[in-house]
Structure formats: structure tokens, C-alpha cells
Amino acid sequence: MRRFITADEVRKAAREASGGEKAFIYAEKEDVVTDEARDMARTLGVVISSEITRRPCICANFKMNGGPGFMDKYAAELASCLAQFYPEYAAETDVVVAPPAPLVPVALALSNKKAIYSVAGQNCYIKESGAFTGEVSPYLLRECGADYVIIGHSERRKLFAETDALVAQKLKIAIDAGLTPIMCLGENIDDRKTAKTFAVIAQMLTALYSIPIEYSKKVILAYEPVWAIGTGMNASSEQIAEVCAFIRKNIMVKLGVDFSNAIRILYGGSVNETNALEIAVIKGIDGALVGGASLKAVNFAKIIAAFKTDARSN
Ligand code: PEP
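Every position in the sequence shown, counted from 1, becomes a number in this note's numbering once 11 is added.
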């Protein structure tokens with residue numbers, strides 16, 4: 012139910028804030044903040060969560076799919092579908108495409124100087140250069156035009172034994188190279204069945220805490236329950252909201268309320284053109300990481316359009 016945030020509530024939050032921590036009121040998007048409360052919050056330095064807007068980020072993860080011909084058609088089709096479904100998307104959202112590494116420069120060139128989408132790597136190594144056969148330097152990704160890189164995807168954690176310590180190293184060097192990391196985290200089905208979801212998420216968040224705070228500030232998180240990836244079985248809105256709230260609370264305790272409010276959290280796991288709107292309206296979710304459904308430009312465009320400001324506030 013919609014509630015009114017009053018100046019009294021703001022004063023109370025300010026009184027109760029402990030040890031130099033910024034006072035914080037958690038409000039739903041639809042809650043009404045009275046003018047008096049807003050002024051009072053400004054005067055007393057109280058943060059009201061519903062006042063914070065985070066720009067949606069919607070990222071396509073092609074995984075090991077696609078080639079130059081596919082990319083060529085894809086870029087043109089995405090541009091035309093976005094012009095049709097959501098012409099103002101570039102002003103309101105960050106649209107990112109993560110093709111296989113050799114396609115990064117091709118994808119960038121086809122994006123017409125980033126006018127259609129920005130480009131991401133799907134992974135990078137922990138070194139700038141050297142004898143690391145088969146690995147991709149974050150610096151090279153950047154030089155080839157990538158702005159983002161996906162780090163710690165569950166497929167990499169599972170198939171290539173990536174640990175939280177390695178993820179932390181990758182976050183740091185990616186940022187040094189000038190990339191924005193999209194760090195994936197999520198429980199597997201056994202973790203969920205044995206009520207270990209929060210413990211697993213808290214453990215994975217240690218990668219974010221083990222790098223300097225000025226680095227952590229640049230990270231985007233993607234909550235991706237492993238059991239929902241590529242299975243057609245997306246998590247329910249309640250499950251996503253619950254884990255997202257857990258992540259924000261955990262971050263609030265470790266890095267403070269401002270940080271926790273500012274960080275973007277995407278959801279990934281069988282997002283498609285049919286369920287995207289349901290996901291876009293979940294409180295605290297700021298976008299999507301999309302695998303299978305992103306391979307069809309028209310569907311990816313529909314998913315992006317689900318994050319329209321108007322659609323989400325209805
Ligand atoms: C992913 O690869 O990150 C992903 C979420 O895949 P899918 O959308 O296919 O579940």
C-alpha cells in the first residue's frame with residue numbers, strides 16, 4: 012500500500028542514525044514524499060531511497076554464438092526495432108552487447124560509434140599482457156572499443172573453476188583498464204533447496220569488498236540464479252526481490268547506505284520478451300543480463316523497451 016513519508020519520519024530517522032552513518036528511509040517507488048519531508052531530508056542529510064534513480068542497463072550476452080554475418084544483420088535489426096519500440100532508449104538506458112571476443116571490434120563498428128549499443132567483453136584475464144595463451148587482456152578489450160566486461164559468469168565459475176578471489180582480481184584489472192565490470196553472482200539449485208542462497212550470495216559479494224572502494228563503485232552487479240540460466244525457468248518476482256533486497260542490505264552494512272542505493276543490480280536467468288516487464292518493475296532491479304533471448308534482435312529490443320521509464324512506473 013502506498014504510504015506518505017512525512018517530515019516527522021525524516022526527523023526520527025535522523026535522530027536514530029548511529030555512529031556518523033547517514034540516516035536512511037527505505038521507501039517504495041510509489042510512496043509519496045511530502046514537500047516538507049523532502050526539504051527536511053535535504054537539511055538533515057537523510058537519504059530517501061525512492062528519490063534515487065538508477066539508470067537501467069540491459070546487456071545481451073551472446074555467449075559462444077554468432078559470427079560477423081550474424082553481427083551485421085543483428086546491429087541493423089536492433090537499431091530498427093529500437094527506433095520502433097523505444098526511440099528514446101539511448102537517453103534513458105545503457106544498452107550493451109557482449110559478443111564473443113573476436114567480434115568486439117566488429118560489433119563496435121556496426122554500432123555506429125556507440126549510437127546503437129555499447130560493447131562488452133564476456134570475460135578477461137588478470138594480466139595486461141604476456142604468456143597466457145588463449146586469454147584476453149582487459150586492456151586489449153578496451154583498445155578494441157569495449158566499455159564493459161562480464162566478470163564471474165556462472166559458466167566461468169563452473170566450467171573454468173573461477174573463484175571469488177580470481178573474480179576480485181579481474182574486477183580490479185578491468186577497472187584499471189577503463190572497463191565497467193558486470194559482476195555475476197547467484198546460487199545454484201542445491202544452494203536454494205538447502206536454504207544457502209543468502210550465504211552463497213554473501214560469500215560472492217566478498218569479491219566486491221576486497222577491492223578498494225573507489226573500484227567497487229564502478230561495478231554493476233548481475234544477480235543470476237544458476238538454476239534459471241538457459242533453463243527457461245526464470246526466478247519469481249518474489250525470489251528476485253528478496254535476493255536483491257538481501258544484496259542491498261549486505262552492501263549497506265559493508266559499504267554504507269549511499270553505496271548500497273547507488274549500485275546497479277541487474278537480473279539474469281531466462282529473461283525474455285514475455286517476462287521482461289514483470290522483471291523490470293521489481294523494486295531494486297535496474298536492468299537485465301540476457302542470454303538466449305538476446306540472440307534475436309527483435310526480442311532483445313522488446314526486453315529493452317520493458318525498461319522504459321513509463322512502462323516501469325505504471
Ligand atoms: C546469461 O547467460 O547470463 C543468461 C542469463 O542466460 P539466459 O538468459 O539464456 O538464461
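Don't be surprised by glycine CBs; every beta carbon is placed ideally from N, CA and C. Computed from a predicted structure; not experimentally measured.
| Item | Value |
| --- | --- |
| Have a look at Phe292 and Ala256 and give me their C-alpha separation to the nearest angstrom. | The sequence shown places Val at residue 292, rather than the Phe named in the question. Their backbone Cα atoms lie some 14 Å apart in a straight line. |
| How many whole angstroms separate the CB atoms of Ile222 and Ala179, which I take to be in contact at a CB cut-off of 8 Å? | 6 Å |
| In this structure, what does DSSP give as the bridge partners for Asp105? | Cys68 |
| Answer yes or no: the CB of Gly197 versus the heavy atoms of the ligand PEP, is any distance below 7 Å? | no |
| Compare the beta carbon distance of Ala246 and Gly295 with 8 Å and say whether it is the shorter of the two. | no |
| Flag this pair as touching only if the stretch 84-99 and the stretch 42-56 have three or more C-beta atom pairs under 8 Å; answer yes or no. | no |
| Quick one, are the C-beta atoms of Ile276 and Asp297 less than 8 Å apart? | yes |
| Please find out if some non-hydrogen atom of the ligand PEP comes closer than 7 Å to the beta-carbon of Asn72. | yes |
| Quick one: is the Cβ of Asp281 within less than 7 Å of any heavy atom of the ligand PEP? | Looking at the sequence provided, one finds Ser at residue 281 rather than Asp. Correct: Ser281 has its Cβ closer than 7 Å to the ligand PEP. |
| Just to confirm the assignment, what range does the beta strand (DSSP E) spanning Ala160 have? | A quick correction: the sequence has Val, not Ala, at residue 160. Taken as a continuous stretch (DSSP letters only), the beta strand (DSSP E) holding Val160 covers Tyr159 to Ile162. |
| State the Cα-Cα distance for the pair Val108 and Glu99, rounded to the nearest angstrom. | 18 Å |
| Helix, strand or coil, according to DSSP, for Asn325 in the structure here? | In this predicted model, Asn325 has a pLDDT of only 48, less than 50, meaning its place in the structure is not dependable; the value taken from the coordinates is given anyway. Coil. |
| By Cβ distance, which residues of its chain are closer than 8 Å to Thr17, with the 5 residues on each side in sequence left out? | Thr45, Glu47 and Ala48 |
| Are the beta-carbon atoms of Cys135 and His164 separated by less than 8 Å? | no |
| Among Lys204, Ile137 and Cys155, which residue has its Cα nearest to the Cα of Glu173? | Ile137 |
| For the ligand PEP, is there any heavy atom lying closer than 7 Å to the beta carbon of Leu151? | no |
| Mind the definition here: the stretch 126-135 touches the stretch 150-167 only if three or more C-beta pairs lie below 8 Å; say whether that holds. | yes |
| In chain order, what residues of the same chain have a beta carbon less than 7 Å from the beta carbon of Ser248, not counting five sequence neighbours either side? | Glu289 and Ile293 |
| Any heavy atom of the ligand PEP closer than 7 Å to the Cβ of Ile240? | yes |
| Should Glu225 and Val211 be called a contact, given that it needs their Cβ atoms to be closer than 8 Å? | no |
| Run through the DSSP bridge pairs and tell me what Cys195 is partnered with. | Ala233 |
| Count the other CB atoms within 10 Å of the CB of Asn123; is the residue buried (16 or more) or exposed (fewer)? | exposed |
| Tell me the rounded alpha-carbon separation between Asn325 and Lys319. | Legend: pLDDT at Asn325 = 48, less than 50; position of this residue unreliable, no value from coordinates given. |
| Could you give the residue range of the alpha helix (DSSP H) that holds Ala252? | Ser248 to Leu266 |
| Specify, as a first and last residue, the run of the beta strand (DSSP E) that Gly279 falls within. | Ile276 to Gly279 |
| Between Val268 and Thr285, what straight-line distance do the alpha-carbon atoms span, to the nearest angstrom? | 34 Å |
| So Pro113 packs on Gly77, CB below 8 Å; how close in whole Å? | So it is not a contact: roughly 10 Å between Cβ atoms. |
| Excluding the 5 residues preceding and the 5 following Pro79 in the sequence, name in chain order all residues of the same chain whose CB lies nearer than 8 Å to its CB. | Leu114 and Val117 |
| When DSSP labels each residue in this structure, what does Ile16 get in the three-state scheme? | strand |
| Quick one: grab the DSSP three-state call for Ala28. | coil |
| Hey, out of Leu300, Lys307 and Asn310, whose CA is closest to Pro67's CA? | Leu300 |
| Got a sec, what are the start and stop residues for the alpha helix (DSSP H) Val117 sits in? | Val115 to Leu121 |
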